[in-house]
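Peer 1:
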Amino acid sequence: MPPCSFSRHATVSVTIKLDLYFPAHIFLPDPNKCSTSRIEPTYDTARRVTLENTVPRNINRTNSTRTITAVVVLLLLNCMNTTVSAAASRPNILLAISDDQSYPYASAYGDKTTNTPVFDRIAREGILFTNAFCASPGCSPCRAALLTGRHTWQIEQAGTHASSFPKKYRVYPDILEDAGYFVGYTGKGWGPGNWKVSGRTRNPAGPVFSKHKAKVPRGISKTDYARNFQDFLERKPKDKPFCFWFGASEPHRAYAKGRGLTMGKKLEDAHVPPFLPDTPEIRSDILDYCAEIDHFDQHLGRMIHELEERGELDNTLILVTADNGMPFPRAKANGYEYGIHAPMAIRWPIVVKSGRTIDDLIGFVDYAPTFLEAAGLDVPSAMPGRSLMNILRSEKSGRIDPGREMVFSARERHSSSRWNNWTYPIRSMRTHDYLLIRNFRPNRWPAGDPAGFQGAPFGYYDIDGCPSKTFLIEHRKSQSFSKFFHWAIDKRPEFELFDVKNDPGNLNNLANDAKHAALLKNLQHKMENYLRNTGDPRVIDGGDIYEEYKRYSRIRQFPKPPIID
Ligand SMILES: [Ca+2]
Numbered sequence: 063m064p065p066c067s068f069s070r071h072a073t074v075s076v077t078i079k080l081d082l083y084f085p086a087h088i089f090l091p092d093p094n095k096c097s098t099s100r101i102e103p104t105y106d107t108a109r110r111v112t113l114e115n116t117v118p119r120n121i122n123r124t125n126s127t128r129t130i131t132a133v134v135v136l137l138l139l140n141c142m143n144t145t146v147s148a149a150a151s152r153p154n155i156l157l158a159i160s161d162d163q164s165y166p167y168a169s170a171y172g173d174k175t176t177n178t179p180v181f182d183r184i185a186r187e188g189i190l191f192t193n194a195f196c197a198s199p200g201c202s203p204c205r206a207a208l209l210t211g212r213h214t215w216q217i218e219q220a221g222t223h224a225s226s227f228p229k230k231y232r233v234y235p236d237i238l239e240d241a242g243y244f245v246g247y248t249g250k251g252w253g254p255g256n257w258k259v260s261g262r263t264r265n266p267a268g269p270v271f272s273k274h275k276a277k278v279p280r281g282i283s284k285t286d287y288a289r290n291f292q293d294f295l296e297r298k299p300k301d302k303p304f305c306f307w308f309g310a311s312e313p314h315r316a317y318a319k320g321r322g323l324t325m326g327k328k329l330e331d332a333h334v335p336p337f338l339p340d341t342p343e344i345r346s347d348i349l350d351y352c353a354e355i356d357h358f359d360q361h362l363g364r365m366i367h368e369l370e371e372r373g374e375l376d377n378t379l380i381l382v383t384a385d386n387g388m389p390f391p392r393a394k395a396n397g398y399e400y401g402i403h404a405p406m407a408i409r410w411p412i413v414v415k416s417g418r419t420i421d422d423l424i425g426f427v428d429y430a431p432t433f434l435e436a437a438g439l440d441v442p443s444a445m446p447g448r449s450l451m452n453i454l455r456s457e458k459s460g461r462i463d464p465g466r467e468m469v470f471s472a473r474e475r476h477s478s479s480r481w482n483n484w485t486y487p488i489r490s491m492r493t494h495d496y497l498l499i500r501n502f503r504p505n506r507w508p509a510g511d512p513a514g515f516q517g518a519p520f521g522y523y524d525i526d527g528c529p530s531k532t533f534l535i536e537h538r539k540s541q542s543f544s545k546f547f548h549w550a551i552d553k554r555p556e557f558e559l560f561d562v563k564n565d566p567g568n569l570n571n572l573a574n575d576a577k578h579a580a581l582l583k584n585l586q587h588k589m590e591n592y593l594r595n596t597g598d599p600r601v602i603d604g605g606d607i608y609e610e611y612k613r614y615s616r617i618r619q620f621p622k623p624p625i626i627d
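Each residue of the sequence shown is one higher than the last, beginning at 63 in this note's numbering.
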């Protein structure tokens with residue numbers, strides 16, 4: 063017998079009665095822990111439907127006889143349906159992740175060029191997060207960190223781009239599936255990379271639901287994400303909660319050039335980051351990027367409509383974000399703000415008080431622990447991330463958790479863009495006011511070797527091919543624009559320090575500024591300690607192991623550089 067006087071039936075009955083009379087947030091003894099903890103009386107949509115179907119609508123405090131009758135009926139129903147209720151009391155989990163979208167490109171953040179009413183609704187009816195940071199500025203390592211709840215430097219090959227995904231690192235969809243969840247994904251799961259070579263039988267994001275295709279404009283994925291989600295829901299057993307990964311391929315390049323303008327977006331509305339030239343060409347490229355963000359948002363809207371139709375929306379924890387920053391020079395594949403700072407919002411109305419904006423620093427390693435805790439599961443000790451449940455349950459806005467002092471992001475190899483398929487190792491540490499970056503191999507080219515491949519005049523292949531990259535290369539000697547080119551491609555010092563509030567484009571490196579010397583030392587110490595304590599090979603033994611991890615995508619050949627490090 064557990065050392066506790068509450069049975070599961072008794073607790074459920076009390077919970078239902080409270081659901082009739084009291085607000086959603088009440089503290090009761092937890093029968094499992096015998097300590098005061100939170101119980102969500104309106105947690106269970108299936109149970110609430112039962113309630114509405116069986117209890118007279120006019121039940122009230124003055125009609126005690128009918129109230130007692132209702133409670134007795136509910137007690138009996140619960141005795142009959144304990145197993146079903148136990149499963150249904152867990153929320154559905156919907157992760158919606160776009161591909162290459164930076165903060166603040168969503169209309170909820172005030173961006174004028176994106177049109178994201180669905181993201182805005184999630185934020186309005188839940189929480190808008192202003193400080194969520196990707197685990198890596200690249201697709202596969204960031205997705206692997208999200209899936210495992212571990213930093214990229216803790217998951218071997220999965221911590222670099224387009225490699226493999228060792229089977230020993232468990233992912234949250236598998237853990238939830240073992241706990242009774244129905245699991246699936248559509249669009250882009252974990253990738254690019256080779257999960258089969260690791261002995262896995264499916265993408266780490268789960269079983270794929272991507273067979274439904276749609277007619278779409280050029281540049282947009284043919285996968286009909288929302289229709290596939292519908293397919294997934296139709297296959298879901300009624301008594302199981304679900305865990306679904308909606309991975310859009312947008313706004314990853316390539317874009318149909320000029321599509322943003324064609325859609326009616328205006329050049330003057332485009333938010334041009336400080337490290338890009340403010341020209342019509344760049345603005346138009348940004349409009350095309352925003353047009354693809356809109357596509358992601360529209361499919362999310364169809365998914366939410368589907369959940370509403372099925373009565374499943376309010377018991378679904380929806381988290382919307384992006385895997386890394388915008389595919390522009392000095393953004394994606396960089397440790398700077400526009401490479402790692404992501405849009406993020408969460409809606410889960412039976413637990414989360416709406417209309418809040420949270421400024422706490424959030425890392426992608428926090429999401430798997432959040433999903434597991436929301437599902438009532440233990441968070442494995444190997445996950446360094448911290449569940450967001452305390453923030454979700456809080457009713458406050460602003461900064462909530464004083465323990466959230468810093469978040470980390472990391473990259474190794476991105477594209478094949480240097481001699482010998484070298485990586486470009488970066489670690490970023492973001493506090494509320496500063497961004498510290500360590501470039502572990504400062505003799506290498508951060509955006510890739512300058513030499514082109516197979517006759518191309520220029521390389522820099524860690525920058526996606528695009529009109530903005532072409533513009534920088536073509537204007538590299540222009541008096542007005544050469545600085546933008548050099549910001550994107552020049553070699554960087556080992557340490558960079560930025561004041562993120564006054565320098566959101568991260569252009570003024572304070573690492574050599576005497577006034578910031580003490581701060582730099584303090585932050586370097588914190589970064590070193592954290593990386594060492596979490597087993598980062600880069601600080602423990604130099605991290606040359608990263609050069610050995612196989613890349614499964616295209617490999618390019620470059621001339622041997624003068625310095626081999
Ligand atoms: Ca991406």
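Where a beta carbon is used, it is the ideal one built from N, C-alpha and C, also for glycine. Keep in mind that this is a model prediction, so the values were computed, not measured.
#1: Can you tell me whether histidine 361 is buried or exposed, with buried defined as 16 or more other CB within 10 angstroms of its CB?
#2: What residues sit near ligand 1, counting only those whose C-beta is closer than 5 Å to one of its heavy atoms, in chain order?
#3: Count the other CB atoms within 10 Å of the CB of lysine 273; is the residue buried (16 or more) or exposed (fewer)?
#4: What are the start and end residues of each continuous beta strand (DSSP E) run of 3 or more residues lying completely inside the stretch 438–522, in chain order?
#5: Measuring straight from C-alpha to C-alpha, what distance separates arginine 455 and threonine 432?
#6: So, for isoleucine 525: in the same chain, excluding its five sequence neighbours on each side, which residues have a beta-carbon less than 6 Å away from its beta-carbon?
#7: Ignoring anything shorter than 3 residues, give me the beta strand (DSSP E) runs that lie fully in the stretch 353–427, in order along the chain.
#8: Reducing DSSP to helix, strand and coil, say where cysteine 201 ends up.
#9: Can you tell me whether arginine 123 is buried or exposed? The criterion is at least 16 other CB atoms within 10 Å of its CB, across all chains shown.
#10: Quick check: glutamate 374 and valine 562, are their CB atoms within less than 8 Å of each other?
#11: Give me the Cβ distance between proline 199 and isoleucine 402, rounded to the nearest whole Å; I'm assuming they're in contact under 8 Å.
#12: Tell me the DSSP bridge mates of alanine 185?
#13: Would you mind stating whether histidine 333 and aspartate 552 have Cβ atoms separated by less than 8 Å?
#14: For tyrosine 614, which residues of its own chain have a beta-carbon under 8 Å away from its beta-carbon, when the five flanking residues on both sides are left out?
#15: Measuring CB to CB, does alanine 316 end up less than 8 Å from glycine 281?
#16: Smallest Cα separation from tyrosine 234: which of Ser169, His367, Gly211 and Gly251?
#17: For serine 459, which residues from the same chain have a beta carbon less than 6 Å from its beta carbon, with the 5 sequence-adjacent residues on both sides left out?
#18: Count the CB pairs spanning the stretch 571–590 and the stretch 192–206 that are closer than 8 Å, and state whether there are at least three.
#19: Would a C-beta distance cut-off of 8 Å place glycine 156 and isoleucine 499 closer than the cut-off?
#20: Note down the Cα distance separating threonine 145 from alanine 241, rounded to an integer number of angstroms.
#21: Quick one: using the 10 Å Cβ neighbour count with 16 as the cut-off for buried, is asparagine 265 buried or exposed?
#22: What are the boundary residues of the beta strand (DSSP E) that includes glutamate 296?
#23: Counting only runs that start and end within the stretch 217–264, where is the alpha helix (DSSP H) found for 4 or more residues in a row?
#24: Go to alanine 158, then tell me how far its alpha helix (DSSP H) extends in each direction, as first and last residue.
#25: Within 7 Å: the Cβ of alanine 206 and any heavy atom of ligand 3?
#26: Using a Cβ-Cβ cutoff of less than 6 Å, which residues in the same chain neighbour asparagine 396 once the five nearest sequence positions on both sides are dropped?
#27: Just curious, the alpha helix (DSSP H) that tryptophan 686 is in, first and last residue?
#28: Give the secondary structure of glutamate 609 by DSSP, where H, G and I count as helix, E and B as strand, and everything else as coil.
#29: Beta-carbon within less than 7 Å of aspartate 286's beta-carbon, same chain only, minus the 5 sequence neighbours each way: which residues are those?
#30: Tell me which residue opens and which closes the alpha helix (DSSP H) that leucine 329 is part of.
#31: Give the range of the beta strand (DSSP E) segment to which glycine 309 is assigned.
#32: Since alanine 436 and serine 160 are thought to touch, with beta carbons under 8 Å apart, how far apart are those beta carbons, to the nearest angstrom?
#33: Starting from glutamate 590, trace the alpha helix (DSSP H) both ways and give me its first and last residue.
#34: Within 8 Å, do at least three Cβ pairs link the stretch 475–482 to the stretch 512–527?
Peer 2: With the given structure in hand:
#1: buried
#2: Asp161, Asp162, Cys201, Asp385 and Asn386
#3: exposed
#4: 469–473, 488–492 and 496–501
#5: 12 Å
#6: Pro391, Ala509 and Lys531
#7: 378–384, 403–409 and 418–420
#8: helix
#9: Low confidence applies to arginine 123: its pLDDT is 39, below 50, so where it sits in the model is not reliable, and the reading given next is rough at best. Label assigned to arginine 123: exposed.
#10: no
#11: 5 Å
#12: Answer by DSSP bridge pairing: none, since alanine 185 is not bridged.
#13: no
#14: Ala224, Ser225, Ser226, Pro254, Gly255, Asn256 and Val259
#15: yes
#16: Gly211
#17: Arg418 and Thr419
#18: no
#19: Per the sequence presented here, residue 156 reads as leucine, with glycine not at that position. Not a contact, by the Cβ cut-off of 8 Å.
#20: Its pLDDT being 37, under 50, threonine 145 is placed unreliably by the model, and the measurement read from it follows with that caveat. In a straight line, the C-alpha of threonine 145 is about 13 Å away from that of alanine 241.
#21: buried
#22: Counting along the chain, glutamate 296 falls outside any beta strand (DSSP E), though it belongs to the alpha helix (DSSP H) covering 287–297.
#23: 234–240
#24: Element bounds for alanine 158: not the alpha helix (DSSP H) but the beta strand (DSSP E), 154–160.
#25: Absence of ligand 3 from the depicted structure is noted, with ligand 1 being the only ligands included.
#26: Pro199
#27: Residue 686 cannot be examined here, being either before or after the span of the chain that is shown, 63 to 627.
#28: helix
#29: His274, Lys275 and Ala276
#30: Leucine 329 -> no alpha helix (DSSP H), and no H or E assigned at all.
#31: 304–309
#32: No, alanine 436 and serine 160 are not in contact; Cβ-Cβ is about 22 Å, not under 8 Å.
#33: 579–595
#34: yes
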